[in-house]
Amino acid sequence: MPRGERSEEAWLWYTVVYEAIQEIPYGKVTSYGHIARLVGKPERPRQVGVCLKHLAAPSTDRTKKSATYNSSNVPWQRVINARGGIPPRGPHGASRHAAVLRAEGVEVSEGSMGELTVDLSKYGWFPEMLPSETGQVESSDGEDEEAAEDEAAYHA
DNA sequence: AATATGACCAAGA
DNA sequence: CTCTTGGCCATAT
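Numbering (the numbering used here), first residue to last: 268 to 423.
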């Protein structure tokens, strides 16, 4: 991260996000919001996107830490938006993204406006949490980021 | 320092 | 179904 690598807190955010993403099974996809929930920050899906954006540049890493995670060891292609759409981050970005997903066996179709989409009910990966149905929340205690961090590193 | 943006999301209208 | 609104906060200008 550009800003002084001294900020452990910022590094921590990137770390938990990357590790959560690495848990997405091959051939499945999930959303930014789900990753945000996994790391205990359900209200910051946007910041997850920031992480991946920086991930796109593997070199230019001055700190050894930033070299830990790069576009080749983090399956960024398995993270799409909540509607199953592939975010058009560039002119040919979406198509390239779709190609990578198809290579994993994920079916990518075309939306109404030529937007590439994935069928979440088929390829979506949302581990045992459907708030809309059960309305149950796992950690209803006062735990926050710390707990989430543990949980994220747990599964690895 | 202050303002604008963005690989987003959920809920309303 | 589409469009708007409010919220988030690390980066970029």
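We put the CB at the ideal spot given by N, CA and C, even for glycine.
Checklist entry - Thr384 by DSSP, collapsed to three states: which one? => result strand
Checklist entry - Counting Cβ pairs, one atom from each stretch, are 3 or more of them under 8 Å apart for the region 363–371 and the region 306–316? => result no
Item to check | Endpoints, beta strand (DSSP E) assigned at Ser376 | outcome: Val375 to Glu377
Item to check | Residues near Tyr285 in its chain [Cβ-Cβ closer than 6 Å; skip 5 each side] | outcome: Tyr336 and Val341
Next on the checklist: Quick check on DSSP: helix, strand or coil for Ser362?
Outcome noted: helix
Item to check | Euclidean distance between Cα positions of Val385 and Arg304 | outcome: 21 Å
Next on the checklist: Determine whether the beta carbon atoms of Arg345 and Val306 lie at a separation below 8 Å.
Outcome noted: no
Checklist entry - What first and last residue would you give for the alpha helix (DSSP H) that runs through Gln344? => result Element bounds for Gln344: n/a, residue is neither H nor E.
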